[in-house]
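Okay, so here's the structure we're looking at.
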Amino acid sequence: MILCGVSPIQFTFTNVLASCVATEALDIGRKVHSFIEKLGLSSVVPVANSLLNMYAKSSDSIMVKVVFDRMRLKDKLTWNTMISMHMHFGQLDLGLALFQEMTDPDIVSWNSIITGYTHQGHDVKALESFSLMLNNSSSKPDKYTLGSILSACANLENLKLGKQIHAYMVRANIDISGAVRNALILMYAKSGGTEIAHRIVDITGYAQNGLLSDALDLFRKMVREGPKPNNYTLAAVLSVFSSLASLDHGKQLHATTIILQEASSISVGNALITMYSRSGSIRDARKVFKQICSNKNKLTWTCMIIALAQHGLGKDAVELFDTMLKLDIEPDQITYVGVLSACSHVGLVQQGKSYFSLMKNVHHIEPTSSHYACMIDLLGRAGLLEEAYHFIKNMPVEPDVIAWDSLLASCRVHKNVDLAKVAAENLLLLDPNNSGAYSALANTLSACGRWKDAAMIRKSMKDRAVKKEQGISWVQIQNKEVKEQILRHHSEKLAIAFALLNTPGYATLRIMKNLRVCNDCHSAIKYISKLVGRKIIVRDSTRFHHFKDGSCSCQDYWKKKQWNFMKNPPRTDE
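Spelled out as structure tokens, the structure:
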């Protein structure tokens with residue numbers, strides 16, 4: 001790049017420095033730092049933050065202090081990097097002093113303090129900090145916060161508080177996996193609750209390895225022999241099955257909650273809404289939402305808004321959000337992700353902008369990368385590509401892979417080659433092995449008739465040994481999961497053919513796919529639904545598509561201008 005006479009910009013340096021951190025190439029990082037100083041970019045906040053991160057990760061506290069002291073402007077990332085470094089090295093007083101200087105610490109700041117205390121063995125102080133966060137901050141605990149607090153509960157053998165944290169995780173629909181799951185098990189085991197810990201581990205393990213029948217059998221054994229699951233345990237088990245999108249198994253669990261008289265529990269109800277939504281049955285999700293009645297909490301509304309958005313019922317999601325506001329139920333960050341996503345799926349550009357402003361100025365919620373990605377997607381889908389690009393350039397946070405990927409996808413749809421190149425280049429700087437970036441750019445060029453350029457992109461992908469993610473589709477037949485995986489053809493067509501041959505003529509087909517449905521397959525499935533007179537529900541990587549009588553719930557929004565779609569939004573109730 002330098003040899004070709006192209007001047008690097010700040011994002012070039014932030015990505016190069018990130019690569020130096022990832023490869024532990026501190027020597028190269030120091031040389032890059034020298035070059036940054038020559039260009040006079042060391043005072044640019046994102047660049048300075050990247051330098052801070054590099055030196056902090058390499059334990060060079062002297063250079064960290066040099067870079068920090070030279071910074072005239074400091075943002076939250078600056079302070080969070082410094083706090084995290086001090087807490088990591090056991091300099092708790094220094095970390096706390098910096099934390100107390102912040103005017104509005106975010107969840108990352110709190111996590112640095114809480115995790116630092118836990119790692120250094122100060123579990124009581126970790127719990128005290130957690131209590132302060134809940135009482136004096138607008139920040140909501142995430143899975144990293146709760147993982148650290150569960151570790152503190154385990155070390156202190158505080159089963160009562162640990163159960164309360166577990167209950168909160170279930171109510172907030174926080175993913176219980178990985179480090180959080182391990183911390184939860186350790187907490188129960190150390191606090192004397194080994195039996196329930198093993199039950200949860202075994203059920204989760206079976207389910208995550210595709211042994212759904214075994215997981216369900218083990219759960220039934222738990223119901224029969226004990227320890228009897230309470231509403232929080234039931235919600236935790238439901239969350240496991242919801243991530244696997246198994247409608248039949250989910251319905252069996254729902255029946256068990258009714259037998260145990262726990263179906264009316266708010267935590268179980270919220271888990272059921274999510275389970276039915278992820279399994280493709282928005283009708284059942286709505287039924288559960290209505291049955292909860294006056295017991296609805298903020299999470300209940302959020303779960304339903306997200307469910308409607310995922311199923312393409314954007315206007316319904318927006319109406320539900322407005323009802324929520326009228327009832328004086330204050331939305332949180334996750335609620336806003338749901339409603340902004342809903343606006344994006346149905347092209348409500350002005351309404352989406354209004355909600356984004358409401359989130360910041362009225363509810364005082366600091367936008368996260370997820371909110372910014374929703375706005376980029378909203379503008380891009382509507383064909384406002386230049387505005388989307390301008391939005392990215394003016395974001396107060398550095399654009400991530402999702403931001404550039406959203407813009408690139410919109411450029412492909414609207415055949416904007418120039419912006420597609422910009423988006424792909426930035427995306428590949430962040431993720432050099434992202435096969436989707438190569439494919440999207442090549443497809444954009446092909447759609448514009450630039451076949452030679454498209455071929456060059458594909459050749460470049462091959463030369464760099466970047467492998468395209470293989471498409472996989474799966475369908476459940478009589479409680480057995482069948483996967484179709486094929487390289488040269490589109491797997492969802494094969495899965496549909498298999499399902500048509502092995503299900504009754506009246507049954508709805510439910511197909512899951514790991515990638516986004518392409519235009520050709522989308523058109524083919526519409527024709528198939530009309531030809532065979534069956535409803536076909538396809539969940540791809542971004543949303544649900546409900547095909548019926550030759551049309552889809554999305555109304556081909558990515559291929560049409562927004563006002564055509566809004567004439568007659570479809571219903572997807574089964």
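For the sequence shown, full-length UniProt numbering assigns the number 1 to the initial residue and increments by one for each residue that follows. All residues carry an ideal CB built from backbone N, CA and C; glycine is no exception.
Beta-carbon proximity list for R488, same chain, < 6 Å, skipping 5 on both sides: Because R488 sits at a pLDDT of 43, beneath the cut-off of 50, its placement in the model cannot be relied upon, and the following sentence gives the value as read from the coordinates. The answer is none, since no qualifying residue turns up.
Backbone secondary structure at F13 - three-state DSSP: Residue state, collapsed to three classes: helix.
Contacting residues, own chain, Cβ-Cβ under 6 Å from V45 (five flanking each side not counted): Around V45: L73 and D75.
Nearest neighbour of S242, chosen from M222, L234, E225 and Y276 [CA to CA]: Selected option, being the one with the closest Cα: Y276.
Reference P331; option with closest CA among L216, V318, M359 and H345: The option with the nearest alpha carbon to P331 is M359.
As assigned by DSSP and simplified to three states, the class of S473: Three-state DSSP puts S473 in a strand.
Backbone CA spacing between S43 and I62 [nearest angstrom]: The straight-line gap from Cα to Cα measures roughly 18 Å.
CB contact below 8 Å: K251 versus chain B: Looking for chain B here will not work: only one protein chain is present.
Residue from K287, H122, H86 and N80 whose Cα sits closest to the Cα of P105: Measuring from the Cα of P105, the nearest candidate turns out to be N80.
Closest Cα partner of residue 580 within the set P229, T233, L378 and V288: Not covered by the structure: residue 580. The range shown for the chain is 1 to 574.
Reduced DSSP secondary structure (H/G/I, E/B, other) of I457: Of the three classes helix, strand and coil, the one that applies to I457 here is helix, per DSSP.
Distance CB(F544)-CB(S529) smaller than 8 Å: For F544 and S529, no; Cβs fall outside 8 Å.
G449 to A442 span [Cα, whole Å]: Cα to Cα, the separation comes out at about 11 Å.
H364 - containing beta strand (DSSP E), residue span: Element bounds for H364: n/a, residue is neither H nor E.
Beta-carbon gap between S435 and K467 smaller than 8 Å: Contact: yes.
D400 to P227 span [Cα, whole Å]: Rounded to whole angstroms, D400 and P227 show a C-alpha spacing of 45 Å.
S341 burial status per 10 Å Cβ neighbour count (16 or more: buried): Taking all protein chains shown into account, S341 has 16 or more neighbouring C-beta atoms within 10 Å of its C-beta and is therefore buried.
Cβ distance (whole Å) where Y144 is taken to contact N111 below 8 Å: Rounded, the Cβ-Cβ distance is 5 Å, consistent with contact.
Cα-Cα separation, V346 to C552: Counting only the Cα atoms, C552 lies some 13 Å from V346.
Host alpha helix (DSSP H) of K65 (start-end): Per DSSP, K65 belongs to the alpha helix (DSSP H) from S61 to R70.
C-beta contact flag for G29 and M54 at 8 Å: Contact: yes.
Residue span of the alpha helix (DSSP H) that contains M102, given as start and end: For M102, there is no enclosing alpha helix (DSSP H), as DSSP marks it with neither H nor E.
Beta-carbon proximity check, I536 vs L509, cutoff 8 Å: The answer is yes: Cβ separation under 8 Å.
Where W451 falls, given that 16 or more other Cβ within 10 Å makes a residue buried: By the 10 Å Cβ count, W451 comes out exposed.
Straight-line Cα distance separating S50 from E366: E366 and S50: Cα-Cα distance of roughly 22 Å.
Same chain, Cβ closer than 7 Å to L184, neighbours up to 5 away in sequence not counted: Apart from sequence neighbours up to five positions away, the residues of its chain that approach L184 with a beta-carbon distance below 7 Å are L150, H166 and I176, ordered along the chain.
Stretch-stretch touch, CB-based, cutoff 8 Å, three pairs: the region 490 to 505 with the region 455 to 464: Between the region 490 to 505 and the region 455 to 464, the count of Cβ pairs shorter than 8 Å is below three; the stretches do not touch.
Reduced DSSP category for S551 - H, G, I as helix; E, B as strand; rest coil: In the structure shown, S551 falls within a strand segment according to DSSP collapsed to helix, strand and coil.
8 Å contact criterion, which I273 and H311 should meet: CB distance rounded: With a Cβ gap of about 12 Å, I273 and H311 do not count as contacting.
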